[in-house]
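Student:
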Amino acid sequence: MSVHKAVRTPADLPVSGWYALLPPPKAPEVLRGRHEADWVIVGGGFAGLAAARRLSQLLPNDRIVVVDAQRIGWGAAGRNSGFMIDLPHELGGKNYGGRREHDLQQIRMNRAAIEFSGAAAEEFGLQPYFVRAGKLHGAATDHGLRSLREFEGHLVGLAEDFRSLDAADMKRITGTDFFIGGTFTPGTVMAQPAGFVRGLAAGLAGRVKIFEKSPVTGIRTGKEHSIQTAEGEVVAPRMILTVNGHLESFGFFKQRLLHVFTYASMTRTLSDQEKRTLGGEMEWGLIPADPMGSTIRRVGDRIVVRNTFTYNPSMTTSNGQMQRIGHRHDRSFKARFPMLNGVEMEYRWGGHLCLSLNSAPAFGEIEDRVYAAGCCNGLGTVKGTLYGMLVADLAVGTGEPMVADALQEPTPSKLYPQPFMAIGAPLRLWNMQRRAGREL
Ligand SMILES: Cc1cc2nc3c(=O)[nH]c(=O)nc-3n(C[C@H](O)[C@H](O)[C@H](O)COP(=O)(O)OP(=O)(O)OC[C@H]3O[C@@H](n4cnc5c(N)ncnc54)[C@H](O)[C@@H]3O)c2cc1C
193 MSVHKAVRTP ADLPVSGWYA LLPPPKAPEV LRGRHEADWV IVGGGFAGLA
243 AARRLSQLLP NDRIVVVDAQ RIGWGAAGRN SGFMIDLPHE LGGKNYGGRR
293 EHDLQQIRMN RAAIEFSGAA AEEFGLQPYF VRAGKLHGAA TDHGLRSLRE
343 FEGHLVGLAE DFRSLDAADM KRITGTDFFI GGTFTPGTVM AQPAGFVRGL
393 AAGLAGRVKI FEKSPVTGIR TGKEHSIQTA EGEVVAPRMI LTVNGHLESF
443 GFFKQRLLHV FTYASMTRTL SDQEKRTLGG EMEWGLIPAD PMGSTIRRVG
493 DRIVVRNTFT YNPSMTTSNG QMQRIGHRHD RSFKARFPML NGVEMEYRWG
543 GHLCLSLNSA PAFGEIEDRV YAAGCCNGLG TVKGTLYGML VADLAVGTGE
593 PMVADALQEP TPSKLYPQPF MAIGAPLRLW NMQRRAGREL
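Residue numbering for the sequence shown follows our numbering, beginning at 193 and increasing consecutively.
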């Protein structure tokens with residue numbers, strides 16, 4: 193038998209705008225006492241809920257339990273910008289492009305995950321939180337525009353649909369003349385992330401038992417596995433860990449996961465006059481030409497700005513860090529929307545991303561009948577869903593050929609030793625963000 197104590201449990205703060213805009217949730221069911229199940233899943237984000245849904249489809253009579261430390265939708269799954277992207281989107285890359293064969297495989301897998309989420313959205317009535325709207329890429333510099341045109345060339349090679357946009361198109365859509373050109377790709381789904389995962393959990397509730405606000409403090413693996421919380425325990429022969437970067441908190445993938453935070457601010461509601469002054473379309477999501485630039489979303493009456501990556505091996509951020517980055521959000525917002533002078537941010541938040549140096553996921557059977565799906569390299573709305581789905585297939589013995597494809601991917605490579613990481617990672621992020629220039 194092995195014992196894995198959690199050296200830390202998640203405590204994401206403060207509330208994200210997405211979560212705050214939802215109606216207050218029902219009181220959580222906290223794990224108390226001893227429960228027996230066929231499957232225990234730790235972590236109720238995109239990966240955990242996808243695993244639970246897939247298991248419930250494959251084995252409808254099995255008892256499936258999901259345990260999360262926080263409310264569903266409170267963690268990164270409800271803190272992200274909601275781009276569910278079908279195309280290759282290598283965060284570390286120069287222009288989101290990649291190798292052709294690999295990209296074609298990624299597109300197939302990403303679309304399978306989006307369809308899996310789409311079927312859930314359909315079944316549980318989550319369409320308002322799952323909109324097949326496509327995404328914009330926006331360039332604010334000549335260099336950014338060259339990158340986008342290269343990206344378009346890459347899309348031609350992949351036989352993928354897109355629309356090349358000029359400055360006038362960008363102004364018509366976004367209301368601002370900040371962008372000198374852009375690209376529209378139609379396959380991305382724009383989610384209200386907290387609404388979507390909360391709705392997914394509610395839809396699963398008849399088939400899956402979900403405990404919230406129940407941090408798992410320890411795991412025992414053996415003939416029967418078990419997880420412990422302050423007040424309860426779940427015993428099950430099979431366990432799935434979908435805790436993203438917190439895999440390392442339990443001692444798995446040690447020195448292989450890179451803990452990075454990124455941050456967002458959401459404006460207050462724009463008045464009718466402010467909306468008229470801005471013009472543009474009511475709903476759009478824009479990804480910067482430089483991966484280190486600012487992501488912008490217009491969601492009807494509000495605008496959301498996301499930028500800045502920081503290296504936080506402690507897996508937490510601080511108020512001071514969020515405040516500093518909030519000033520940067522304000523600058524990015526003012527540069528794009530000078531006509532909205534006086535519009536303040538109502539919500540600001542940060543969230544934990546798990547990356548690996550070689551962009552590989554933490555996926556597979558990590559001990560006998562213990563499975564992991566995490567480390568989605570900043571793309572977890574789709575990749576988390578994908579690996580969550582596939583880890584359930586792997587555990588049940590279904591899902592070919594996609595499971596075999598996923599198992600062929602490399603595992604997260606070893607990080608550089610300390611103090612090189614502590615010095616090198618922030619320096620590299622700082623330099624990449626500095627080079628993003630006006631795209632930030
Ligand atoms: C500001 C921001 C913007 C982003 N934008 C995008 C985007 O537009 N598109 C995109 O694809 N991705 C985006 N991401 C990344 C995306 O949010 C993550 O990749 C995704 O949430 C990962 O899903 P997951 O289910 O693997 O992990 P998570 O969503 O992190 O879920 C893991 C769950 O495990 C729980 N947990 C951890 N430890 C324990 C424990 N000890 N006990 C019990 N429960 C535990 C946590 O509470 C959490 O709910 C963004 C992230 C941030 C922060």
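The C-beta atom is built at its ideal place from N, Cα and C for all residues, glycine as well.
Compute the minimum distance between the beta carbon of Asn499 and the heavy atoms of ligand 1, and state whether it is under 7 angstroms.
Tutor: no
Student: Using a threshold of 7 angstroms, is the CB atom of Asn272 nearer than that to any non-hydrogen atom of ligand 1?
Tutor: yes
Student: Runs of 4 residues minimum, wholly inside the stretch 252 to 286: which ones carry the alpha helix (DSSP H) assignment?
Tutor: none
Student: For the pair the stretch 327 to 338 and the stretch 590 to 604, tell me if three or more CB-CB distances fall below 8 angstroms.
Tutor: Touching, no.
Student: Taking only heavy atoms of ligand 1 into account, decide whether any of them is closer than 7 angstroms to the Cβ of Ala229.
Tutor: no
Student: At least one CB of chain B closer than 8 angstroms to the CB of Leu392: is that the case?
Tutor: Here there is only one protein chain, and chain B is not present.
Student: So, at 6 angstroms on beta carbons, what are the nonlocal neighbours of Pro605 in its own chain, with the 5 sequence-adjacent residues on each side left out?
Tutor: Before going on, a small fix: residue 605 reads as Ser here, not Pro. So the qualifying residues of the chain are Leu549 and Asn550.
Student: Beta-carbon within less than 7 angstroms of Gln174's beta-carbon, same chain only, minus the 5 sequence neighbours each way: which residues are those?
Tutor: Nothing can be reported for residue 174: it is not among the residues displayed for the chain, which extend from 193 to 632.
Student: Inspect the CB distances between the stretch 222 to 235 and the stretch 387 to 406 and report whether three or more fall short of 8 angstroms.
Tutor: In short, these stretches touch, since the Cβ pair count reaches three.
Student: Any heavy atom of ligand 1 closer than 7 angstroms to the CB of Pro202?
Tutor: yes
Student: In terms of DSSP beta bridges, what is Cys546 paired with?
Tutor: His451
Student: Could you tell me which residues DSSP puts in a beta bridge with Gly373?
Tutor: Ala331 and Asp358
Student: Taking its Cβ as the centre, do 16 or more other Cβ atoms sit within 10 Å of Ile615, making it buried, or is it exposed?
Tutor: exposed
Student: Would you list the residues sitting across from Ser418 in a DSSP beta bridge?
Tutor: Arg412 and Val427
Student: Check each candidate in Trp266, Leu279, Arg300 and Met537 and name the one with the smallest Cα separation from Pro634.
Tutor: Absent from the model: residue 634. The displayed extent of the chain is 193 to 632, so no value can be given.
Student: In three-state terms, what does DSSP make of Val574?
Tutor: helix
Student: Look up Met382 in the DSSP assignment and say whether it is helix, strand or coil.
Tutor: strand
Student: What residue does the beta strand (DSSP E) around Pro480 start on, and which one ends it?
Tutor: Glu475 to Pro480
Student: Counting C-beta neighbours from all protein chains within 10 Å, is the total for His164 16 or more, i.e. buried, or is it exposed?
Tutor: It is not possible to answer for residue 164, since the shown part of the chain is limited to 193 through 632.
Student: Once DSSP output is grouped into helix, strand and coil, what is the label at Arg224?
Tutor: coil
Student: Between which two residues does the alpha helix (DSSP H) holding Gly209 run?
Tutor: Gly209 to Ala212
Student: Just mark Asn302 as buried or exposed, buried being the case when its beta carbon has 16 or more other beta carbons within 10 Å.
Tutor: Asn302 should be labelled buried.
Student: Should Gly572 be counted as a contact of ligand 1 given a C-beta to heavy atom distance under 7 angstroms?
Tutor: yes
Student: Would you say the beta carbon of Thr461 comes nearer than 7 angstroms to a heavy atom of ligand 1?
Tutor: no
Student: Between Gly284 and Leu205, what straight-line distance do the alpha-carbon atoms span, to the nearest angstrom?
Tutor: Summary for Gly284: the model assigns pLDDT 49, below 50, so the residue's position carries little reliability; its value from the coordinates is reported in the next sentence. Approximately 26 angstroms, taken between the alpha carbons.
Student: Is His451 near ligand 1 - that is, is its Cβ less than 7 angstroms away from at least one heavy atom of it?
Tutor: no
Student: Determine which residues share a DSSP beta bridge with Asn177 and list them.
Tutor: With the chain running from 193 to 632 in the structure shown, residue 177 is simply not present.
Student: Is Arg341 helix, strand or coil when you go by DSSP?
Tutor: If DSSP states are grouped into helix, strand and coil, Arg341 belongs with the helices.
Student: Apply the 10 Å Cβ neighbour rule to Ala481 and answer buried if 16 or more other Cβ atoms are within range, or exposed otherwise.
Tutor: buried
Student: Use the C-beta contact count for Phe376: other C-beta atoms within 10 angstroms, 16 or more gives buried, fewer gives exposed.
Tutor: Counting every other CB atom within 10 Å of its CB across the protein chains shown gives Phe376 a total of 16 or more, marking it as buried.
Student: Are His521 and Val497 closer than 8 angstroms when you measure CB to CB?
Tutor: In contact: His521 and Val497 (Cβ atoms closer than 8 angstroms).
Student: Are at least three pairs of beta-carbons, each pair with one atom in the stretch 471 to 489 and one in the stretch 316 to 331, less than 8 angstroms apart?
Tutor: yes
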